[in-house]
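Report on the following structure.
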Amino acid sequence: MGRAPLAGHPAAYGRDMRDRLRLPSSPGFWRSPLRGPWFTSVLGLVLLAGITVLFVTGLVSYAAYNPGLSPVNDKTPDKGLLGFYLFAWPTGPVWLYRFTQGVHVTLGITLIPVLLAKLWSVVPRLFTLPPARSLTHALERLSLLLLVGGGLFEFTTGVLNVQLDYVFPGSFYPLHFYGAWVFFAAFLAHAALKTPTAVRAVRRRSRGEGHMDGAESTTAEPAAGAAPHPGSAQGPRAAEGTGAADVGRSAGAASGPGAAEGLRAAADGAAGEGRTGAASGPEVAKGARAAEGAGVAQSAGAAAGAGSGRAAEGVAGAGPGQSDLVSPCPAEPTVSRRGALALVGGGSLLLFVTTVGQSLGGAWRRTALLAPHGGADPGGGPNGFQINKTAAYAGITPADRHEDAWRLVVTGRTGTVRLSRAQLLALPLHSSALPIACVEGWSTADQWWRGVRLRDLAALVGHDGDPPDVLVESLQRHGAFRRAALRANQVADPRSLLALHVNGEELSPDHGHPARIIVPAAPGVLNTKWVARLTFGDL
Amino acid sequence: MPHLPTFRRPPLGSPLELLLLACSFALAAYAGVRLLAGDWTGVALWIVGAALLHDLVLLPLYAVLDRAVTRGLRAAGRRAWLPYVRVPAVLSGLLLLVWFPLVSGMVDRRYRSATGLSADVFLGRWLLITAVLFGGSALLLAARLRRAAKRRSPDVH
């Protein structure tokens, strides 16, 4: 019978059953020796910096749309105070939006492994009992729902949007913008509460007070200078001996020194019964401190975490082993902590190198193997660069664009003029080398555009010298940005064109034939294609 | 007089932290009412669902998979193989997770009509990257095993 060998070890058997029946709310349920304050802190500090950059570049992108200029640019009209910082988006340097939005999307994708690893490292806390020790603790946990849910929401909507997978419940702009503020509110509180602890945990280790980190020696982070957990040190060998990991682990725990036994019992007791009051916490924590010399502080530290995390956090300064993140009965390590971080970094690096090419353009685009605008350019020749929306997608027919049918209607101070494409070509033509940069993060290298300056068109309808704002309307019958407004500084810039040619050839239908807007540093959707009407005047 | 059980008020916690959290919630609520102004059930479901789906489905799923691989290799006496399986599997899985809509072909038609590019390439590229990752890993393992065998051979002969 399979159980026969265990009959002689009732204590070990009993412990084994308890381990098997442990719920996620028990610290013993979580077995990875990787978890601990140092691991979580490193990931947390990376996210602190990374998410701050994501938030700032996101706000910058929002400002780049000039939502304050006109309702047609504003997908979040009820933003209220959240638009407090808005400013007139400049027209230089020409690569400005390419850069900020490239950073936003590429960094967001690159941070995904870090986010997942961070969530993995703290998952035991999701199940911590009691649900709340105090009013503050209850609110903090509620705030964590906004942090985790909001964070995943932001990353998910962003990743889906760049892949044109519009399955989220509403328009991307309000969801991603308001979601970012909800997430960032929780992020700020979390950063304020946790950054000092994280910095301490990382510093302590860099001072050499941390745990050993050899490939084979990774155990749960012990107290400063303490030896690895006796149970875990014994466990693997015992496990190999019996060929059953679970049995071996309990046998290992049982074979530990007597001090470990007693402490483990205390730990279990605290985890089982000590949850009712914070009062039991300090005693357990004190016990943990006293036990440091025996090198078994982790069990008691984790028990203190379960019984009263407050108390455990209070003494966390004494040694990292007392964190509730550290498993009280860690499994045999299968990777070093440094190795695990290297894997997270490797994942980030892989995502980075298969994505960033779509923002660098040129030959680099070929390296963006999985990014939506990586790999090949559509078609070849002068018009063979990335397309956001094709003419067919936008519902533009050849009849709409036909020489006989299409007229550009320009309205301003002195009235309205209607211009055919031939008449436009007879006006003074100018060239600009400008990129296309999309909110989805991809962009092109500078293309050589040729057309009529917007400020010359403004002058044509009575706005000499001081060009005003302009409302641009497309032939498109639908689409969020078939009408878009440009600010006076964008109209006045001599590089801003109503382009008729690109790279020495006629615009292709997919790039906006008969005529399109191209403005330096503006987000792609404001570079309206298939332009039908320009209305100059203060908006 | 009967002794009534006294109700113990739950402790408040640090007042400074309380203030900080109150500010955080105020800002979150200000943005939250705007976030929920449209399809509020859908958005709430997405936010809560994202947290639950990650914590209760995705994380347990990959943890169980990892444990199965670890135990399988250990049972087969091939513990040294673990990193050579785990690393390419994690990297390949990560790419699939992030680019699933493109790789699975879910957005095939919209992608093609919007960008003028073919979405067929993504599955092939993902498979290729996966093959390179596992192939490279296998080569490294083979090289390591050979080195180990060479080091042992002088004792044998």
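Protein chains in written order, with the numbering used here: chain S, 31 to 569; chain W, 4 to 160.
We treat Cβ as the ideally placed atom computed from N, Cα and C, and that holds for glycine.
Of the residues S:92, S:123 and S:364, the one whose Cα lies closest to the Cα of residue 82 (chain W) is S:364. Taken through DSSP and simplified to helix, strand or coil, residue 386 (chain S) comes out as coil. Spanning the alpha carbons of residue 94 (chain W) and residue 448 (chain S) requires a straight line of approximately 57 Å.
At least one C-beta of chain S is nearer than 8 Å to the C-beta of residue 15 (chain W). Interface annotation, residue 139 (chain W): not in contact with chain S, CB-CB separation never under 8 Å. Given a length threshold of 3 residues, each whole run of the beta strand (DSSP E) inside the region 437–472 of chain S is given here in chain order: 438–442, 445–449 and 460–464. Near chain S, meaning a CB-to-CB distance below 7 Å, the residues of the region 110–137 of chain W are 110, 113, 114, 116, 117, 118, 119, 120, 124, 125, 128, 129 and 132. If you check each beta-carbon in the region 93–105 of chain S against every beta-carbon of chain W, none falls closer than 7 Å. Pairing residue 100 (chain S) with residue 569 (chain S) gives a Cβ-Cβ distance under 8 Å. Beyond the five residues adjoining it in sequence on each side, residue 505 (chain S) comes within less than 7 Å, by CB distance, of 426, 430, 560 and 562 in the same chain, given in chain order.
With 16 or more other CB atoms across the displayed protein chains lying within 10 angstroms of its CB, residue 193 (chain S) is buried.
Leaving aside the five residues that flank residue 88 (chain S) on each side, the residues in its chain whose CB is nearer than 7 Å to its CB run, in chain order, 134 and 210. Residue 111 (chain W) and residue 189 (chain S) have their alpha carbons spaced roughly 16 Å apart. Rounded to whole angstroms, the separation of the alpha carbons of residue 440 (chain S) and residue 469 (chain S) is 28 Å. Counting only residues of its own chain and dropping the five nearest sequence neighbours on each side, residue 460 (chain S) has a CB closer than 6 Å to the CB of 483. One Cα belongs to residue 390 (chain S), the other to residue 400 (chain S), and the distance between them is close to 15 Å. The straight-line gap separating the alpha-carbon atoms of residue 420 (chain S) and residue 149 (chain S) is approximately 40 Å. By the Cβ neighbour-count rule, residue 176 (chain S) is buried, with 16 or more other Cβ atoms within 10 Å of its own.
In chain order, 389, 471 and 473 place their CB closer than 7 Å to the CB of residue 132 (chain S), counting only its own chain and leaving out the 5 sequence neighbours on each side. Taking CB atoms only, residue 193 (chain S) has a neighbour in chain W less than 8 Å away. When secondary structure is reduced to three states using DSSP, residue 110 (chain W) falls in the coil class, being assigned neither helix nor strand. Approximately 20 Å separates the beta-carbon atoms of residue 453 (chain S) and residue 532 (chain S); this is outside 8 Å, ruling out the contact. Residue 174 (chain S) sits away from residue 16 (chain W), with the two beta carbons spaced by 8 Å or more.
Taken in chain order, the complete beta strand (DSSP E) segments of 3 residues or longer contained in the region 479–566 of chain S are 500–504, 513–516, 527–532, 546–548 and 561–566.
Under a 10 Å Cβ-count criterion, residue 529 (chain S) is classified as buried, with 16 or more other Cβ atoms of the shown protein chains found around its own Cβ. In this structure, residue 358 (chain S) lies away from residue 231 (chain S), with their beta-carbon atoms at least 8 Å apart.
Note that the region 535–546 of chain S touches the region 410–418 of chain S; at least 3 beta-carbon pairs, one per stretch, sit closer than 8 Å.
Contacts with chain S at 8 Å (Cβ-Cβ) do not include residue 88 (chain W). Taking a Cβ-Cβ cut-off of 8 Å, the neighbours of residue 93 (chain W) in chain S comprise 373 and 377, given in sequence order. When the beta-carbon positions are compared, residue 55 (chain S) and residue 159 (chain S) come within less than 8 Å of each other. Listed in chain order, the positions of the region 135–153 of chain S with a beta carbon within less than 7 Å of a beta carbon of chain W are 139, 142, 143, 149, 150 and 153.
Under the DSSP assignment, residue 233 (chain S) falls in the alpha helix (DSSP H) whose first and last residues are 202–234.
Against chain S, the CB of residue 156 (chain W) has no partner CB under 8 Å away; the residue lies outside that interface.
With distances taken between CA atoms, residue 229 (chain S) lies nearest to S:78 out of S:422, S:124 and S:78. Counted as a single uninterrupted DSSP element, the alpha helix (DSSP H) harbouring residue 26 (chain W) occupies residues 18–38. When the five nearest sequence neighbours on each side are left out, the beta carbons in the same chain lying within less than 7 Å of the beta carbon of residue 522 (chain S) are those of 485 and 497, in order along the chain.
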